[in-house]
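Those protein sequence lines, which keep their order, are chains A and B.
The numbers in the numbering used here rise by one with no breaks, and the one at position 15 of the first sequence is -1.
The numbers in the numbering used here rise by one with no breaks, and the one at position 12 of the second sequence is -4.
Beta carbons: idealized from backbone N, C-alpha and C, even for Gly.
Protein chains: 2
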Amino acid sequence: MKTNESNPVIKGSLSTIIMKLLENNSRMYGYEMTKAVREITQNKMNITEAALYPALHKLLDEGLLETTTEQVDGRMRKYYALTKKGKKETIVKIDALKDALESVQILLNSKLGNE
Amino acid sequence: MKTNESNPVIKGSLSTIIMKLLENNSRMYGYEMTKAVREITQNKMNITEAALYPALHKLLDEGLLETTTEQVDGRMRKYYALTKKGKKETIVKIDALKDALESVQILLNSKLGNE
DNA sequence: CTCTATACCTAATCAAATTATGTATATGCA
DNA sequence: TGCATATACATAATTTGATTAGGTATAGAG
């Protein structure tokens, strides 16, 4: 099922969100991330797998994540974790995204006309 | 000059930002919007004209904005204003964007691992 | 007479998401 | 037994939206 009737993900923030999840958890697998985002945001945000997996693969290519694969209950699980480089980069990315979010909020909350 | 060394704009939020500016000001021209955004965000965000004008034209096509052109000091100015439809849509869009921003912030501020 | 600011704009490209599928196992339930 | 749902991975085609890189033109400062 391809449920997606929740809020649009803020474009460009997906990779930072992934890295933040992994900063908190040390390792997670893709499907788990989609559930975690729904839970944390109370279903307001939904990461689709079609967006998630390419993003994960890109972060792997960039050397920011590494993987270990396990068999659990007969199903495959590919765990992702931050590399050393990834941990450093996570801090930078979270900071930049917070700044950007704040700027948008300042704009959205501005009351005065600009003369 | 194509200055752009400020924060990346949160992708997908540009049209909402434009509409918010016009909610505050009743009418503005493009170049004025780029300056307003820099001023309000203290240079943290920069709307490039290459992103702005296509976005304005799209909002025009959707019937959310309307224009009036004036000659000021020998230079052309194309003023944009919200239509009735645009005013309604502005409220909806701002609300949706605020929700989305909040969800991202909740994610970025979440401290606990997800078990 | 040149540089900066003002003021509009588009074309080509790139990045990142969505839409639409595809594979496969495990589990609940009727 | 058989079907739906949940788990778990993934890709291809398309669309959307911004970036990069230009272009035109007037006004004013030095």
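Annotation for B:M17: the continuous alpha helix (DSSP H) segment containing it runs 14 to 24. Between the segment 82 to 89 of chain A and the segment 20 to 31 of chain B there are three or more C-beta pairs closer than 8 Å, enough to call the two in contact. Taking one beta carbon from each stretch, the segment 60 to 80 of chain A and the segment 57 to 64 of chain B have fewer than 3 pairs nearer than 8 Å; the two do not touch.
Boundaries of the beta strand (DSSP E) around A:E50: 49 to 56.
In this structure, the beta-carbon distance from A:L43 to A:G14 does not fall below 8 Å.
Looking at the backbone, the Cα of A:T32 and that of A:A80 are separated by about 24 Å. Secondary structure at A:L96: coil, using DSSP grouped into helix, strand and coil. Between A:T74 and A:K4, the beta carbon gap of about 7 Å places them in contact (Cβ cut-off 8 Å).
Assignment of A:K28 by DSSP, reduced to helix, strand and coil, places it in the coil class.
Per DSSP, the unbroken alpha helix (DSSP H) holding A:K4 starts and ends at -2 to 9. Ranking A:L91, A:L66, A:Q55 by CA distance to the CA of A:L49 puts A:L66 first. A:S94 is positioned such that its CB atom lies closer than 8 Å to that of B:N8. Against A:L96, the close residues of chain B are N8, in the order they occur along the chain (beta-carbon pairs closer than 8 Å).
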